[in-house]
Amino acid sequence: MSADARAGAPPPFIEVDWFNRRKFRKVCSGDVFLSERLADGSVVAVLTDGLGSGQQANVCASLTATMAMAYMRAALGLRRAATLIMDALPICPDRHISYSTFTMIRADPRGEVRMIEYENPPATLLRGGMPCAIERTPYTLPRWEGRTLSYSTFTMGLGDRLFFCSDGVTQAGLGAPETPFGQGLERVVPWLQEAIRIAPDVGSHVLCKGAADRATRLDGGRAGDDTTAAMLHYRRPRVTQMLTGCPFDRTQDAAYAALATRPGVTVIVSGGSTADLIARELDRPIDTPLTALDPEVPAGSEIPGIDLVTEGCVTLSKVIDLLRNPGPDARVNPATKMRDLLLASDQIRIDVGTAINPAHQDPNLPMSLDIRRNIVKELADVLRSKYVKDVSVKFH
1 MSADARAGAP PPFIEVDWFN RRKFRKVCSG DVFLSERLAD GSVVAVLTDG
51 LGSGQQANVC ASLTATMAMA YMRAALGLRR AATLIMDALP ICPDRHISYS
101 TFTMIRADPR GEVRMIEYEN PPATLLRGGM PCAIERTPYT LPRWEGRTLS
151 YSTFTMGLGD RLFFCSDGVT QAGLGAPETP FGQGLERVVP WLQEAIRIAP
201 DVGSHVLCKG AADRATRLDG GRAGDDTTAA MLHYRRPRVT QMLTGCPFDR
251 TQDAAYAALA TRPGVTVIVS GGSTADLIAR ELDRPIDTPL TALDPEVPAG
301 SEIPGIDLVT EGCVTLSKVI DLLRNPGPDA RVNPATKMRD LLLASDQIRI
351 DVGTAINPAH QDPNLPMSLD IRRNIVKELA DVLRSKYVKD VSVKFH
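Counting from 1, position 45 in the sequence shown corresponds to residue 45 in the UniProt record's numbering; the numbering is continuous, with no gaps.
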């Protein structure tokens, strides 16, 4: 048994996150990023960059990414999967290059990584905040007409990060006096190093968005190409405990409230009755500040020792909408705060009380105010499918 296991430390977790910005004045992105956490705890991810930009590029990139994910999900070897993709990828008759580039990655819970790269900027492994060399092996077949893949296997240690991106990041600033050939990884990687030095626990999404924002600034504030940055981070999991609804059996109130006292865990309480229960059982005051009210989201409350206390179903429905349709926030409110806490988490434990709140059965309320258990199911689904979060739901 390992020292970590004897000490009760949670096993390492593979965080995967990304950020995309489409080319200025294009209705869709020519870059596609897909990822999934498999049943064995492995993470598979693919980043594809379609030829050109706009709809045609999106179609090429989407087809390539969908094929790659299907093959990896079916446990096909990475080399075999890449071979099938290369055989299927047509070559542009004018430019004599493939209609899509790609990076395919499979990382298992032990940190063992297999990676195939084709014409995307090479991935960078950061260990202790410093670039670490990745040994790559070229791989080609005669029928590919000179096109060559690179294949690599390596082990990520605790704290290691793997950064990869489309050429919209590395070619930003193309033609400028300081970056005539684009900024290249030689400018991107030092920026990542400095950001990690300043905030060692910074989330991957923050770094990916920062890399994309920096690229856009180099292009004068308007993305000159589809820009995508992605990252894997091998580390201890960040856990969030959410409590929403009161237990059906009132004798379970004390045990239910005790879930909000787990050490080292971010705690969210959603629902007015739930907040009253937690405050009563933990013998803590509850306060509802009436400052910075938002017309779309009910006011939150405050309980000492609880990270976030919000209203229930209206706020949860708004969080689902924010997760499904990400974009800039017009203002900060309880829904945006909950979204940010959830996105900063790896493992999310949602405990749902099933005592019926009569307000949720009012036929005059909008259909989106479904009973709590269905709203929680929607929330868990979007966190799993779109953000690769490890989500468990338990009903009380």
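Where a beta carbon is used, it is the ideal one built from N, C-alpha and C, also for glycine.
Point to revise | Per-residue DSSP class, three states only, for residue 382 | key: helix
**Study point:** Paired residues, beta bridge with residue 390 - DSSP
**Key:** 347, per the DSSP bridge assignment.
Review point. Got a sec? Which residues, its chain only, sit under 6 Å from residue 175 by beta carbon, not counting five neighbours each side?
Key: none
Review point. Is the beta carbon of residue 273 sitting closer than 8 Å to the one on residue 228?
Key: no
Check your understanding: Within 10 angstroms of its Cβ, does residue 367 collect 16 or more other Cβ (buried), or is it exposed?
Key -> With a pLDDT of 43 at residue 367, under the threshold of 50, the predicted position of this residue should be treated as unreliable, and no value is reported.
**Study point:** Residue(s) in a DSSP beta bridge with residue 232
**Key:** 16 and 162
Review point. Skipping 5 residues on each side, what residues in its chain have a beta carbon closer than 6 Å to that of residue 32?
Key: 48, 61, 62 and 65
Review point. Closest by CA to residue 212, which one among 198, 191, 199 and 196?
Key: Comparing Cα-Cα distances from residue 212 to each of 198, 191, 199 and 196, the minimum goes to 191.
Check your understanding: By how many angstroms is the C-alpha of residue 113 removed from the C-alpha of residue 383?
Key -> Their backbone Cα atoms lie some 24 Å apart in a straight line.
Review point. Can the beta-carbon of residue 123 be found closer than 8 Å to that of residue 164?
Key: yes
**Study point:** Rounded C-alpha distance that separates residue 1 from residue 46
**Key:** Here residue 1 scores only 44 on pLDDT, less than 50, and its place in the model should not be relied on; the value that follows carries that caveat. C-alpha separation (whole angstroms): 34 Å.
Exercise for review: Quick one: grab the DSSP three-state call for residue 112.
Suggested key: strand
Practice item. Assuming residue 247 contacts residue 312 (C-beta within less than 8 Å), just tell me the rounded distance between them. Key: About 15 Å separates the two Cβ atoms, so there is no contact after all.
Exercise for review: Kindly identify the DSSP beta-bridge partner or partners of residue 414.
Suggested key: Past the edges of the chain, shown from 1 to 396, lies residue 414, and the structure says nothing about it.
**Study point:** Cutoff 8 Å; reference residue 136; Cβ partners in own chain excluding five residues on either side
**Key:** 117, 122, 150, 151 and 152
Practice item. Check whether the stretch 316-323 touches the stretch 369-379, taking contact to mean three or more Cβ pairs, one atom from each stretch, closer than 8 Å. Key: yes
Point to revise | Residues bridged to residue 50 (per DSSP) | key: 100
**Study point:** Assigned exposure category for residue 15 - 16 Cβ within 10 Å defines buried
**Key:** buried
Review point. Do you know how far the Cα of residue 242 is from the Cα of residue 395?
Key: 12 Å
Review point. Can you name the residues that DSSP bridges to residue 202?
Key: DSSP, once it has assigned bridges, lists no residue as partnering residue 202.
**Study point:** DSSP bridge partner residues for residue 138 (one or two, in chain order)
**Key:** DSSP lists 150 as partners of residue 138.
Practice item. Spell out a yes or no on whether the stretch 302-310 and the stretch 270-285 are touching, meaning 3 or more CB-CB pairs, one atom from each, closer than 8 Å. Key: Segments in contact, yes.
Exercise for review: Select from 343, 315, 314 and 334 the residue whose C-alpha is nearest the C-alpha of residue 326.
Suggested key: Nearest of 343, 315, 314 and 334 to residue 326, Cα basis: 343.
**Study point:** For residue 311, three-class secondary structure by DSSP
**Key:** coil
Review point. What do you get for residue 82, buried or exposed, if any count of 16 or more other CB atoms within 10 angstroms of its CB means buried?
Key: buried
**Study point:** Separation of residue 299 from residue 22, as counted between CA atoms
**Key:** 35 Å
Review point. With C-beta atoms as the reference, is residue 158 less than 8 Å away from residue 234?
Key: Cβ atoms of residue 158 and residue 234: closer than 8 Å.
Practice item. May I ask you to list the residues that DSSP assigns as paired with residue 130? Key: 127
Check your understanding: Does the distance from the C-beta atom of residue 333 to that of residue 297 stay below 8 Å?
Key -> yes
Review point. Looking only at C-alpha atoms, which of 275, 129, 96 and 24 sits nearest to residue 197?
Key: 129
Review point. Which residue from 44, 28 and 99 puts its Cα closest to that of residue 35?
Key: 44
Point to revise | Closest by C-alpha distance to residue 103, when choosing among 119, 96 and 111 | key: 119
Review point. Would you report the Cα separation of residue 20 and residue 251, rounded to the nearest angstrom?
Key: If you take the alpha carbons of residue 20 and residue 251, they lie about 48 Å apart.
Exercise for review: Use the C-beta contact count for residue 205: other C-beta atoms within 10 angstroms, 16 or more gives buried, fewer gives exposed.
Suggested key: buried
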